[in-house]
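In numbering that gives the first Met the number 0, the protein residues as written are 0 to 652.
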Amino acid sequence: MPRYLTKSRFKMAVECPTKLYYTGKNDYANQKNDNDFLKALADGGFQVGELAKWMYPNGVEVEFKGDFEKAILQTQALLKEDRVTIYEAAIRHENYFVLVDVLKKTDQQIELIEVKAKSYDPQVDTFRNRTGGMDSQMLPYLQDIAFQTWVAKQAMPHFEFSSVLMLADKSKPCSVHNLNQNFKIQKDQNQKTTITVKPGLKAQDLGEPILTPVRVDEFVEEILSTALKVPGFDGRFEDLIKEWSDRYDKDVKIPPHIQHGTHCANCEFKTSSRHPNLKSGFLECWQEATGHSIEALEKGTVVDIYNYRSKHQLLKQRKYLFEDLERSDFSAEPSKGEITLGLRQWMQVSGDIPGGGDFDFHQHLARETMSQWSYPLHFIDFETSRTAIPFFKGQKPYSSVAFQFSHHIVHADQRLEHKGQYLETRCGIHPNYSFVRALMASVGETGTILMWTPHENTTLNSILAELMDDEFAPTDAELLKNFIRDITTEKVNPSLVREGKRCMVDLCDVAKKTFFHKMTGGSSSIKKVLPAVMHSSRFLKDKYSRPLLKRQGESLNLEEMVWWREEKGQITSPYQLLPPVFKDLDPESVATLELDPDLHISEGGSATVAYGRLQFTDVSPAERDAVHQALLQYCELDTLAMVMVYEAFLHGF
Ligand code: SF4
Numbered sequence: 000m001p002r003y004l005t006k007s008r009f010k011m012a013v014e015c016p017t018k019l020y021y022t023g024k025n026d027y028a029n030q031k032n033d034n035d036f037l038k039a040l041a042d043g044g045f046q047v048g049e050l051a052k053w054m055y056p057n058g059v060e061v062e063f064k065g066d067f068e069k070a071i072l073q074t075q076a077l078l079k080e081d082r083v084t085i086y087e088a089a090i091r092h093e094n095y096f097v098l099v100d101v102l103k104k105t106d107q108q109i110e111l112i113e114v115k116a117k118s119y120d121p122q123v124d125t126f127r128n129r130t131g132g133m134d135s136q137m138l139p140y141l142q143d144i145a146f147q148t149w150v151a152k153q154a155m156p157h158f159e160f161s162s163v164l165m166l167a168d169k170s171k172p173c174s175v176h177n178l179n180q181n182f183k184i185q186k187d188q189n190q191k192t193t194i195t196v197k198p199g200l201k202a203q204d205l206g207e208p209i210l211t212p213v214r215v216d217e218f219v220e221e222i223l224s225t226a227l228k229v230p231g232f233d234g235r236f237e238d239l240i241k242e243w244s245d246r247y248d249k250d251v252k253i254p255p256h257i258q259h260g261t262h263c264a265n266c267e268f269k270t271s272s273r274h275p276n277l278k279s280g281f282l283e284c285w286q287e288a289t290g291h292s293i294e295a296l297e298k299g300t301v302v303d304i305y306n307y308r309s310k311h312q313l314l315k316q317r318k319y320l321f322e323d324l325e326r327s328d329f330s331a332e333p334s335k336g337e338i339t340l341g342l343r344q345w346m347q348v349s350g351d352i353p354g355g356g357d358f359d360f361h362q363h364l365a366r367e368t369m370s371q372w373s374y375p376l377h378f379i380d381f382e383t384s385r386t387a388i389p390f391f392k393g394q395k396p397y398s399s400v401a402f403q404f405s406h407h408i409v410h411a412d413q414r415l416e417h418k419g420q421y422l423e424t425r426c427g428i429h430p431n432y433s434f435v436r437a438l439m440a441s442v443g444e445t446g447t448i449l450m451w452t453p454h455e456n457t458t459l460n461s462i463l464a465e466l467m468d469d470e471f472a473p474t475d476a477e478l479l480k481n482f483i484r485d486i487t488t489e490k491v492n493p494s495l496v497r498e499g500k501r502c503m504v505d506l507c508d509v510a511k512k513t514f515f516h517k518m519t520g521g522s523s524s525i526k527k528v529l530p531a532v533m534h535s536s537r538f539l540k541d542k543y544s545r546p547l548l549k550r551q552g553e554s555l556n557l558e559e560m561v562w563w564r565e566e567k568g569q570i571t572s573p574y575q576l577l578p579p580v581f582k583d584l585d586p587e588s589v590a591t592l593e594l595d596p597d598l599h600i601s602e603g604g605s606a607t608v609a610y611g612r613l614q615f616t617d618v619s620p621a622e623r624d625a626v627h628q629a630l631l632q633y634c635e636l637d638t639l640a641m642v643m644v645y646e647a648f649l650h651g652f
């Protein structure tokens with residue numbers, strides 16, 4: 000198999016050239032391999048690629064199935080035509096190889112079109128930043144098309160080239176129903192992600208385009224003619240890719256340059272709990288670059304500091320390990336009695352908790368904050384989906400679809416009630432307005448509403464905007480809009496914030512300011528905070544060691560569930576206690592339907608993916624019912640988790 004520098008390897012090398020050494024080696028962990036299919040489902044990149052082909056009709060597809068030579072020869076044969084459109088055109092120059100999403104040839108002109116599920120707003124200068132440089136979000140896409148253009152120009156120097164990025168246009172509403180469902184994401188026999196286009200699909204079924212082609216020749220020229228900046232290297236584009244291609248071909252590692260930025264923080268070549276026995280490229284790099292032992296590095300490095308913005312400064316000072324850091328590296332003093340971000344970081348790094356123990360809790364501040372809330376307390380959590388290709392007519396790329404909420408109440412006498420829930424997964428039913436209607440009925444007119452992070456606020460504001468734009472808005476639109484305005488805040492412009500008279504309170508913000516636990520690693524994700532509070536709260540142990548009962552209104556979906564459990568002295572995260580999605584299906588049906596017997600819905604991303612899957616009509620009733628039930632249980636736990644955090648704060652530790 001030739002070891003070409005391809006588009007994806009070029010992209011990886013721009014992030015960090017050392018990665019070329021680890022890629023494709025089965026003995027090294029690669030976290031990107033773990034969730035490739037889920038990511039494809041969630042971000043819709045494959046679907047956008049397929050949709051884009053319909054904007055360049057009558058093209059010929061070069062089917063690349065790992066046979067480089069065959070694909071290159073087929074492309075060369077097609078390019079003999081005066082006018083031709085080729086999908087996945089295979090082009091090689093020396094040791095460089097690219098598959099171009101769409102290549103359009105007209106006589107001596109060739110247009111190269113790279114399709115991205117990246118949002119684009121034509122009203123905003125998406126490509127330049129304030130100082131006139133290239134926008135950092137867009138730069139990887141521009142570098143990608145620049146690489147393809149360079150390879151194609153070298154391979155076919157007698158043609159004139161233009162370069163185009165095809166992007167998901169946020170200003171274009173979808174003019175047809177069920178656009179997304181025309182492009183089904185699947186795995187083939189080799190576990191490769193593929194798209195199956197709905198049989199009999201016609202161009203008119205796709206309505207008005209929601210993708211926009213943007214000519215980017217100016218940026219491509221700039222990238223090819225100026226220095227390419229990558230961690231540890233600054234050099235001419237051609238010089239750098241030549242070196243990468245040579246080293247990759249000979250399988251020689253480019254030495255790691257960990258001091259030059261924070262690229263290592265998100266390195267995919269770290270081991271995870273899923274594959275603890277694979278080698279860690281991250282640890283090998285850091286051992287090589289710092290001289291520290293693997294054991295010392297495993298105790299924590301500066302890239303592990305939660306939400307620390309100045310990692311590059313520490314790296315420049317050659318501070319690599321937690322033990323290299325001092326309190327003065329952080330703004331680690333409490334302010335107004337709150338735990339500041341700097342103090343959280345210092346406690347994470349040093350393990351130094353005021354008064355000793357596992358956690359720091361500013362009870363006085365927490366109680367003072369909670370005393371301003373009024374009963375009944377409403378704990379709400381939303382599950383939403385945002386896809387490049389909308390599911391529903393009228394929605395724009397990446398518009399929010401609010402398909403589920405859960406709602407727990409704590410009454411003034413501290414009685415727990417799982418008060419309400421909403422879940423709409425039927426194909427083709429746009430849930431947003433009925434979602435708001437159900438939420439409005441569930442939370443009533445009194446009591447403080449709590450969310451975890453501002454996701455609920457953002458989602459409701461997005462539905463408010465949708466209602467304002469909708470010429471076919473429902474008859475109760477004013478009621479829905481007023482309800483949303485009442486419970487949300489919104490930054491109208493840099494100096495004006497609209498605040499509803501009953502706006503939601505962010506419980507995560509309260510937790511950040513008042514509570515730190517060593518078990519969270521500094522994170523304020525509910526998935527981390529919940530087991531930490533359970534570990535240290537006597538109240539939670541007593542209350543949740545007994546089952547919650549449906550008949551007493553404590554649960555809507557789980558009968559007699561005991562949430563407080565421990566194993567070998569360690570609390571088991573309730574999210575690990577959620578049953579597998581297909582637990583009630585017999586193993587034969589699970590196998591026949593090609594379902595994953597171990598599938599769990601235990602985080603928001605998998606809930607979104609599950610929703611996307613249910614939007615396709617060919618899901619069996621058994622699978623649909625099982626996924627529906629698993630979504631209900633997952634979202635119930637999210638709001639119960641908030642209740643538990645509240646209870647731990649109220650009763651103390
Ligand atoms: S650990 Fe850092 S230097 Fe090593 S491959 Fe990953 S990003 Fe590159």
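Each residue gets a CB set at the ideal place from its N, CA and C atoms; glycine is no exception.
Rounded Cβ spacing between residue i and residue j (contact assumed at less than 8 Å)
i      : j      : result
Gly393 : Cys173 : 7 Å
Phe358 : Glu382 : So it is not a contact: roughly 29 Å between Cβ atoms.
His417 : Leu555 : 5 Å
Thr105 : Arg82  : 5 Å
Pro121 : Thr211 : 7 Å
Lys197 : Pro396 : So it is not a contact: roughly 19 Å between Cβ atoms.
Met165 : Glu113 : 7 Å
Tyr305 : Ser522 : 6 Å
Leu277 : Asp26  : 6 Å
Arg2   : Tyr247 : 6 Å
Pro573 : Leu649 : That pair is no contact at about 19 Å.
Lys705 : Gly520 : This structure leaves residue 705 out entirely; the chain is present only between 0 and 652.
His516 : Ser535 : 7 Å
Ala116 : Val99  : Contact flag wrong, Cβ pair sits at about 17 Å.
From the options, residue whose alpha carbon lies closest to that of residue i
i      : options                        : result
Leu364 : Gly521, Asp508, His256         : Asp508
Leu422 : Val114, Ser135, Val123, Leu631 : Leu631
Asn94  : Leu200, Lys79, Ile240          : Ile240
Ile448 : Thr474, Lys542, Lys315, Tyr645 : Tyr645
Val435 : Leu547, Asn481, Gln413         : Asn481
Gly611 : Arg425, Ala295, Thr17          : Arg425
Ile462 : Arg414, Ser384, Gly419, Asp412 : Ser384
Gln628 : Leu557, Phe652, Gly603         : Leu557
Leu50  : Gln75, Asp124, Asn179          : Asn179
Lys582 : Met560, Leu548, Pro546, Ala621 : Ala621
Leu479 : Gln413, Val213, Ala440, Gln147 : Ala440
Asp541 : Trp563, Ala531, Leu506, Ala387 : Trp563
Val59  : Asp585, Ser536, Ile85          : Ile85
Cys266 : Ile293, Leu19, Asn57, Leu466   : Leu19
Val97  : Cys634, Gly280, Gln153, Gly290 : Gln153
Pro430 : Val409, Leu459, Gly446         : Leu459
Ile209 : Trp345, Pro389, Glu217         : Pro389
Per DSSP, cross-strand counterpart(s) of residue i
i      : result
Met560 : Leu547
Pro212 : Met165
Asp233 : Lys228
Ile428 : Paired residue(s): none; Ile428 is not in a bridge.
Ile400 : Correcting the residue type first, residue 400 is Val in the shown sequence and not Ile. For Val400, which the question treats as bridged, DSSP gives the partners Ser384.
Leu422 : Gln403
Tyr27  : Lys278
Val196 : Phe182
Ile570 : Glu565
Phe668 : The structure shown does not extend to residue 668, since the chain is modelled only from 0 to 652, so the question has no answer here.
Thr300 : Leu320
Leu4   : Tyr95
Arg308 : Partner(s): none; Arg308 has no beta bridge.
Val409 : Leu376, Leu415
CB contact below 8 Å: residue i versus chain B
i      : result
Val101 : Protein chain content of the structure displayed is limited to a single chain, and chain B is not contained in it.
Check: Going along the chain, which unbroken runs of the alpha helix (DSSP H) with 4 or more residues stay wholly within the segment 482-555?
Finding: 506-513, 525-535, 537-543
Margin query: Extract the residue ranges of the beta strand (DSSP E) inside the segment 329-391, only unbroken runs of 3 or more that lie entirely within it.
Written below: 358-360, 376-384
Next item on the list: Would you mind listing the alpha helix (DSSP H) stretches within the segment 33-106 that are 4+ residues and don't spill past its ends, in chain order?
Entry: 35-42, 44-52, 67-77
Item checked: Any beta strand (DSSP E) of 3 or more consecutive residues that is wholly inside the segment 572-645 -> none
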